[in-house]
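Protein chains: 2
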Amino acid sequence: MTRMSAPRPYHHGDLRAALLKSAERTLRDRGVGALSLRELARDVGVSHAAPGRHFKDKQTLLDALALDGYERMNRALAAADRPDRPFEERMTALARAYLGFAVENPELLELMFARKHDPDSSAQLAAAVDHSLGTFTRLVADAQEQGEIVQGDPERLTTVAAASLHGLAALIAGCALDAEETLAGLDTHVHLLLHGLRPR
Amino acid sequence: MTRMSAPRPYHHGDLRAALLKSAERTLRDRGVGALSLRELARDVGVSHAAPGRHFKDKQTLLDALALDGYERMNRALAAADRPDRPFEERMTALARAYLGFAVENPELLELMFARKHDPDSSAQLAAAVDHSLGTFTRLVADAQEQGEIVQGDPERLTTVAAASLHGLAALIAGCALDAEETLAGLDTHVHLLLHGLRPR
DNA sequence: GCTCAATGTAGGCAGCGCCAACAATGCTGT
DNA sequence: ACAGCATTGTTGGCGCTGCCTACATTGAGC
Numbered sequence: 010m011t012r013m014s015a016p017r018p019y020h021h022g023d024l025r026a027a028l029l030k031s032a033e034r035t036l037r038d039r040g041v042g043a044l045s046l047r048e049l050a051r052d053v054g055v056s057h058a059a060p061g062r063h064f065k066d067k068q069t070l071l072d073a074l075a076l077d078g079y080e081r082m083n084r085a086l087a088a089a090d091r092p093d094r095p096f097e098e099r100m101t102a103l104a105r106a107y108l109g110f111a112v113e114n115p116e117l118l119e120l121m122f123a124r125k126h127d128p129d130s131s132a133q134l135a136a137a138v139d140h141s142l143g144t145f146t147r148l149v150a151d152a153q154e155q156g157e158i159v160q161g162d163p164e165r166l167t168t169v170a171a172a173s174l175h176g177l178a179a180l181i182a183g184c185a186l187d188a189e190e191t192l193a194g195l196d197t198h199v200h201l202l203l204h205g206l207r208p209r
Numbered sequence: 010m011t012r013m014s015a016p017r018p019y020h021h022g023d024l025r026a027a028l029l030k031s032a033e034r035t036l037r038d039r040g041v042g043a044l045s046l047r048e049l050a051r052d053v054g055v056s057h058a059a060p061g062r063h064f065k066d067k068q069t070l071l072d073a074l075a076l077d078g079y080e081r082m083n084r085a086l087a088a089a090d091r092p093d094r095p096f097e098e099r100m101t102a103l104a105r106a107y108l109g110f111a112v113e114n115p116e117l118l119e120l121m122f123a124r125k126h127d128p129d130s131s132a133q134l135a136a137a138v139d140h141s142l143g144t145f146t147r148l149v150a151d152a153q154e155q156g157e158i159v160q161g162d163p164e165r166l167t168t169v170a171a172a173s174l175h176g177l178a179a180l181i182a183g184c185a186l187d188a189e190e191t192l193a194g195l196d197t198h199v200h201l202l203l204h205g206l207r208p209r
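In structure tokens form, the structure reads like this:
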């Protein structure tokens, strides 16, 4: 019995993961606008309705991509943190990790910070965001304890730092800033953030 | 001759403006994802292909919306600037103007900073971005001249300030920050930005 | 007043997301 | 062992979309 090119068994085995992987690649290569469930199904080699078994919605798939993005980013942030180092060094390392992720996954970042999410996913996404912010909040709290930064509502200080970094990321993603140049000047940027724009 | 409810003349008169106006409303009410050229045509009362006479593309219409957004934003920034005032006051006023615009036009802002633009529009959009940044660059240059802020590459200092504000805007747009709360704490935010996080 | 460019209309095409009906598969209890 | 059933994949179809082409109407310039 010659069977030509071993047809895939009726059941894929791990279609959900395969779809996410393929979607992640398309997202990176051609942007979120080019993502289509039907093309995704073709790429993976299943019928056009198969993805519907794993993602009730296109939005649900996008949310799953975003969640995966948060998990990777949070791992990167955790790996970059050096709690035993002085504040500025820690902050710079975290900034580098965050911006590195942003530069390499601009479309994904856009998805992660998009305002539209399925209600079912938003709880998990909110938790992931909290986890990311938590890394910075911990840093701020530690630094306040050591007297390395000013007192005051730690949440506000975290916001100042996070907004600065996220702004850089967003400007890079929007091509308003050059990625390499920004990364090269990141130490100075963080220094200015910590020491202020006013002369001392 | 009774003509019932005076049918619109064959030529609309200013279809382009009408389309942009209707699109802006839909964008604000239901987001960019809900924008459809055909629905737009129905709303304005023309045939489904009429918009194509004024916008070669859907992207071209989005770019036109973004450009209009920049013009309104730049007017708001220009109106808020008070060149005769001290640096911190000027910066706070600009920050308030920018964030006010961001809070009231989150979807539009997303469009303005989107990475995908038609090549024909991108020159005008780049000019509009430069105009926006120019307001801040001028502020930084003035302040350096007065010795109110540190010396150094003014472009870098502008980036620090712009990234911070844009980050706040993006976080608000992504619902990661509460709009009113952020606006209420804006003075403090700018103060921290200027004076740094480190104790003096 | 004729001509022509500009602008609006009608119809059609392929692709999309989503849905419902059906088919193949593998798990589970007896 | 195998019947029953939930899971997962397939097929077909609906209405929508953006875009294209051919045609109709209009206003402006000669």
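Chains A and B supply the protein sequences, listed in that same order.
Every position in the first sequence, counted from 1, becomes a number in my numbering once 9 is added.
Every position in the second sequence, counted from 1, becomes a number in my numbering once 9 is added.
All C-beta atoms, glycine included, are put in the ideal place defined by N, C-alpha and C.
Contacts of proline 208(B) in chain A (Cβ-Cβ under 9 Å): Gly156, Glu157, Ile158, Val159, Gln160
By the three-class DSSP mapping on this structure, what secondary structure does arginine 83(B) have? Checking the sequence shown, residue 83(B) turns out to be asparagine, not arginine. Helix, per DSSP.
My guess is that histidine 204(A) and glycine 205(B) are in contact by the Cβ rule of under 8 Å, so how many angstroms apart are they, rounded? 4 Å
Please list the terminal residues of the continuous alpha helix (DSSP H) segment that includes proline 95(A). Here proline 95(A) belongs to no alpha helix (DSSP H), and DSSP marks it neither H nor E.
Alanine 43(B) - containing alpha helix (DSSP H), residue span: That residue, alanine 43(B), is in no alpha helix (DSSP H); it is neither H nor E in DSSP.
Taking just the CA atoms, how far does arginine 124(B) sit from alanine 75(B)? 12 Å
Cβ closer than 7 Å: which chain A residues qualify as neighbours of valine 138(B)? Ala185
Rounded C-alpha distance that separates leucine 134(A) from proline 92(B): 43 Å
Got a sec? Which residues, its chain only, sit under 8 Å from histidine 57(A) by beta carbon, not counting five neighbours each side? Leu46, Arg47, Ala50, Arg51
Please say whether alanine 26(A) and leucine 44(A) have beta carbons closer to each other than 8 Å? no
Any chain A beta carbon closer than 8 Å to lysine 67(B): no
Quick check: is the beta carbon of serine 173(B) nearer than 8 Å to any beta carbon in chain A? yes
Just to confirm my understanding: we take aspartate 196(B), look at its own chain, exclude 5 residues before and 5 after, and list those with CB closer than 7 Å. What are they? Thr101
Give the range of the alpha helix (DSSP H) segment to which glutamine 153(B) is assigned. 128 to 154
Please tell me whether leucine 44(A) has its Cβ less than 8 Å away from any Cβ of chain B. no
Going along chain B, which residues have a C-beta under 9 Å from lysine 125(A)? Gly40, Gly42
Just to make sure I have the definition right: I need the residues of chain A whose C-beta is within less than 8 Å of the C-beta of valine 169(B). Which are they? Ser173, His198, Leu201, Leu202, Leu206
Nearest-angstrom beta carbon gap, glutamate 113(A) and glycine 40(A) [assumed within contact, 8 Å]: No, glycine 40(A) and glutamate 113(A) are not in contact; Cβ-Cβ is about 15 Å, not under 8 Å.
Who are the near neighbours of arginine 209(A) in its chain, counting only those whose CB is closer than 6 Å to its CB and skipping five residues on each side? none
Alpha carbons only, please: which of Leu70(B), Pro95(B), His63(B) is nearest the one belonging to isoleucine 158(B)? Pro95(B)
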